[in-house]
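Working notes for the structure below.
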Amino acid sequence: EPEVTQTPSHQVTQMGQEVILRCVPISNHLYFYWYRQILGQKVEFLVSFYNNEISEKSEIFDDQFSVERPDGSNFTLKIRSTKLEDSAMYFCASSVVSGGATGELFFGEGSRLTVL
Amino acid sequence: SQQGEEDPQALSIQEGENATMNCSYKTSINNLQWYRQNSGRGLVHLILIRSNEREKHSGRLRVTLDTSKKSSSLLITASRAADTASYFCAPYTSGSRLTFGEGTQLTVNP
Chain A
413 EPEVTQTPSH QVTQMGQEVI LRCVPISNHL YFYWYRQILG QKVEFLVSFY NNEISEKSEI
473 FDDQFSVERP DGSNFTLKIR STKLEDSAMY FCASSVVSGG ATGELFFGEG SRLTVL
Chain B
-1 SQQGEEDPQA LSIQEGENAT MNCSYKTSIN NLQWYRQNSG RGLVHLILIR SNEREKHSGR
59 LRVTLDTSKK SSSLLITASR AADTASYFCA PYTSGSRLTF GEGTQLTVNP
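In order, the protein sequence lines correspond to chains A and B.
So the working numbering is basically just the index in the first sequence, starting at one, shifted up by 412.
At position 104 of the second sequence the residue is numbered 102 (the working numbering), and the sequence of numbers has no breaks.
This is the structure in C-alpha cells:
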C-alpha cells in the first residue's frame, strides 16, 4: 500500500542551526502539507502546498520556515534558525485533491525534532 | 477553518465493549472525517462522512452525522486493546485547511 515516508525519524540539533525535514508523498498525490505536534498538544497545521507554491499557511509558519519540492518526489520543510520551541513532531501529509474536499489526508510517521 | 471538539477527553473501557466518541462543530461543513493516532505515530484516516449522509459503516466503525445539531459520533464495536489511541474528528469546509482538536484518548483494557 502506498505510504508517505519521512526522514529523519529523529533529529537532534543545537539552537540556531538549520534543519531540513524530508518527505516523499504518495506518488499520484497533488497536495502536500506539513503539520506539527508539540509533545502533549494537538496536531497543528503549518502549511499546504500545491502546484509548486504555498496555497495556505498558518500563523506558526513564519519567515523561519520554508517549504520546497526540489524534484518530482521530495517535499521538504526547512527551519532556518531553530529555537527551543521548535521541538516537536513534524508530520508530512499528502492528498489527491485538496485536503478534505472529497478524500482524506495520508500522513507520514513523523520526524521528531529536538532542539537543545 | 474550524476544528471539532471531541467528547469525552478520555475514555477507558474493557476489551469487547463498545466505545462511543462525540464531536461537535460550529459552522456548516462539506464533510467530516475521523482520524486515529497511536502514541507517537502519524494520524491515520478512518472514515469520511459527507454532509448529505447520516450514517456510514466501515468494519467495526459506525459514524453518524447530524448537521442540524452540528455533531457527529464515532462508535467502535467490540473494541480491542489495539484500538487504544487518540481519535480526532476533522470537520471540513470547502477551501479551508483541515484542522484537529484535542481528541478523545481511548484506552481499551485487556
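Every residue, glycine too, gets a C-beta built ideally from N, C-alpha and C.
Given the structure is predicted, the values throughout are model-derived calculations rather than measurements.
query: How should residue 89 (chain B) be labelled, buried or exposed, when 16 other C-beta atoms within 10 angstroms of its C-beta is the threshold for buried?
result: In the assembly as shown, residue 89 (chain B) is a buried residue. Its beta-carbon has 16 or more other beta-carbons within 10 Å.
- Listing by chain order, which chain B residues have their CB less than 7 Å from the CB of residue 516 (chain A)? Listed along chain B, the residues sitting closer than 7 Å to residue 516 (chain A) by beta-carbon distance are 31, 43, 46.
Span of the beta strand (DSSP E) holding residue 91 (chain B)?
Annotation: residue 91 (chain B) is outside any beta strand (DSSP E) and is labelled neither H nor E by DSSP.
Practice task
Decide if the stretch 4 to 15 of chain B is in contact with the stretch 55 to 62 of chain B; the criterion is three or more beta carbon pairs, one per stretch, under 8 Å apart.
Solution key: With a cut-off of 8 Å, the stretch 55 to 62 of chain B and the stretch 4 to 15 of chain B do not count as touching, because too few Cβ pairs lie within range.
Run through chain B and tell me which residues come within less than 9 Å of residue 520 (chain A), C-beta to C-beta. Neighbours of residue 520 (chain A) on chain B, chain order: 40.
Exercise. Look up residue 471 (chain A) in the DSSP assignment and say whether it is helix, strand or coil.
Key: Residue 471 (chain A): coil per DSSP, three-state reduction.
Q: Using a threshold of 7 Å, state whether the C-beta atoms of residue 457 (chain A) and residue 34 (chain B) are closer than that.
A: No, Cβ-Cβ distance for residue 457 (chain A) and residue 34 (chain B) is not below 7 Å.
How big is the Cα-Cα spacing for residue 45 (chain B) and residue 54 (chain B)? In a straight line, the C-alpha of residue 45 (chain B) is about 8 Å away from that of residue 54 (chain B).
task: Just grab the DSSP bridge partners of residue 465 (chain A) for me.
output: Answer by DSSP bridge pairing, in chain order: A:462.
| beta strand (DSSP E) runs contained entirely in the stretch 420 to 462 of chain A, provided each spans 3 or more residues | Annotation: the stretch 420 to 462 of chain A contains the following complete segments of the beta strand (DSSP E) (minimum length 3 residues), in chain order: 422 to 425, 431 to 436, 443 to 449, 455 to 462.
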